[in-house]
Amino acid sequence: MPEYYKFMESHKMIEKLLFKIIAEHKSVYSKECIRDIIDEYFEERDKRRDKDDPSAEYFTVLLLCFAFLQSLLLAASVDVFNASTDYFVTFQMVKRDNWAFKPIVEVLSDVLYKDETTRLKSSLKLNELLPKIPASYYGYTGSLTVPMCTEGVAWFVLQNKQTIGWKQLNSFLKVYSVKKGDKSSECLLAPNNRILQNLNGRIIYASP
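Take any residue in the sequence shown, count from 1 to its spot, add 8: that is its number in the working numbering.
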C-alpha cells in the first residue's frame, strides 16, 4: 500500500509540473491530452515490469519528469503544425577556462571540418555545462535562427548563465561549417549569427 501512495503522489506532482510547462500551449493541449501522455508512460513501465526488466524498478520523480518531457516535446514537434521547441543555454566569455568544456576543446582540432569524427579523450559530463540552477527560464514564440527562419518555434532560454574561457571560445571559432576540400573552406562556423530581430509584438515570459 505505501508504494501505491508513493506512485500516486509522484503522478500528481508530475502532472502538475507538465500543466505548468505547457500553459502557453492551451489552445493545442488539453488536460485529457496530457493525461494520455502520462498514462502511456505508465503502461509502458508496467509492460517492462511484466517482463522483469530491472529498469522498471528505478521509479524516481526525476526520471519520470525526463521521460514525460521527452514525450511532450516529441508530441509538440510532430502535432503542433510542424512546430518545434528549442532550449538554449547562454555562455558568458571570461578569462578563466571552464573545465567542463575540456573534453570537447581538446579534440576540436581533430574535427575542424564537417562530417569529421573523433573520440573523446576524457569523460564529458553534460550536466556540468548547465547552470547550477537550470529550472528558471525565459520563454517566447519566435523563429529558427537558420534558413528558412521558420516561425512558430517555442524558445526556452535558461535565465542563469554558464561561462566559457576566451581561449576555449576561440577554439570553437576555428571550426568550419563545410567539408574539407570544399571551395568554401573559408566558411567558419562563426561569425554566423542572425541579426537582432524586432519583438514584433511577441510576449516574453519568465518562469518563477
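Note that the Cβ used here is the ideal one computed from N, Cα and C, for glycine as well.
Kindly indicate which three-state DSSP category E124 falls into: helix, strand or coil? coil
How many Å lie between N206 and K55 at the Cα? 50 Å
Buried or exposed by the 16-neighbour rule on C-beta atoms within 10 Å, applied to A162: buried
Give me the residue from E159, I141, Y146, K133 with the minimum Cα distance to I112. K133
In whole angstroms, what separates the C-alpha of D47 from that of L181? 46 Å
Under a Cβ-count criterion, where at least 16 other Cβ atoms within 10 Å of its own Cβ denotes burial, should I172 be classed as buried or exposed? buried
So R210 and T149 are supposed to be a Cβ contact under 8 Å. How far apart are they, rounded? 6 Å
I203 versus C157: straight-line alpha-carbon distance, rounded: 12 Å
Report all residues from its chain with a CB closer than 6 Å to the CB of Y121; omit the five preceding and five following residues, and keep chain order. Y184, K187, K188
Tell me, please, which residues DSSP counts as bridged to Q170. F99
What separation, rounded to the nearest whole angstrom, lies between the Cα atoms of P199 and V97? 18 Å
Could you tell me the alpha carbon to alpha carbon distance between L217 and E136, rounded to whole angstroms? Given a span of 9 to 216 for the chain in the structure shown, any question on residue 217 remains unanswerable.
K110 - containing alpha helix (DSSP H), residue span: 110-113
According to DSSP, is L116 part of a helix, a strand, or is it coil? helix
Please report the distance separating the alpha-carbon of L197 from that of A214. 30 Å
Relative to the alpha-carbon of R104, which residue among K175, S130, S179 has its alpha-carbon at the smallest distance? K175
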